[in-house]
Amino acid sequence: MFTKGTQVEVYSGPNVRDETGNPFWYPAVVSSGPIPLNAGQQGYYVLGVGPAAYPFDQYAKNESDLRPASAARADLDERYRAFCRWAGVS
490 MFTKGTQVEV
500 YSGPNVRDET
510 GNPFWYPAVV
520 SSGPIPLNAG
530 QQGYYVLGVG
540 PAAYPFDQYA
550 KNESDLRPAS
560 AARADLDERY
570 RAFCRWAGVS
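Everything in the sequence shown is counted per this note's numbering, starting at 490 for the first residue and increasing by one.
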């Protein structure tokens, strides 16, 4: 279970591969959730790396494709805070 503002790593999935030909994990921050998904699954909306300004593209990801971040990133923290200001939430 993750909470809003938690930094995570998101699994790319078996069909998205890096330059070595392997699936990978990429950094993101949980922006909302949990949310119900298909077949009784649970997921979260996440924000990926990007500017601390609009647009804030959020993506729904299955909880099983998320893991806690190995290290916190200041840029993701700032992006999440900017998203909250833009959305008018705390």
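In this text, a Cβ means the ideal position worked out from N, Cα and C, and glycines have one as well.
request  = Quick one: using the 10 Å Cβ neighbour count with 16 as the cut-off for buried, is Val499 buried or exposed?
outcome  = buried
task = From the DSSP output, in three-state form, read off Ser521 for me.
result = strand
message = Can you tell me whether Gly510 is buried or exposed? The criterion is at least 16 other CB atoms within 10 Å of its CB, across all chains shown.
response = exposed
query = When we look at the beta-carbon of Gly532 and count the other beta-carbons within 10 Å, is it buried (16 or more) or exposed?
reply = buried
ask   = Considering only residues of the same chain and omitting the five flanking positions on each side of Met494, which have a CB-CB separation below 7 Å?
value = Correcting the residue type first, residue 494 is Gly in the shown sequence and not Met. Correct list, in chain order: Val518, Val519 and Tyr569.
ask   = Among Leu555, Tyr543, Phe513 and Pro512, which has the Cα closest to the Cα of Val535?
value = Leu555
ask   = How many angstroms separate the CA atom of Arg506 from the CA atom of Pro540?
value = 24 Å
key: Asp546 to Tyr515 span [Cα, whole Å]   = 15 Å
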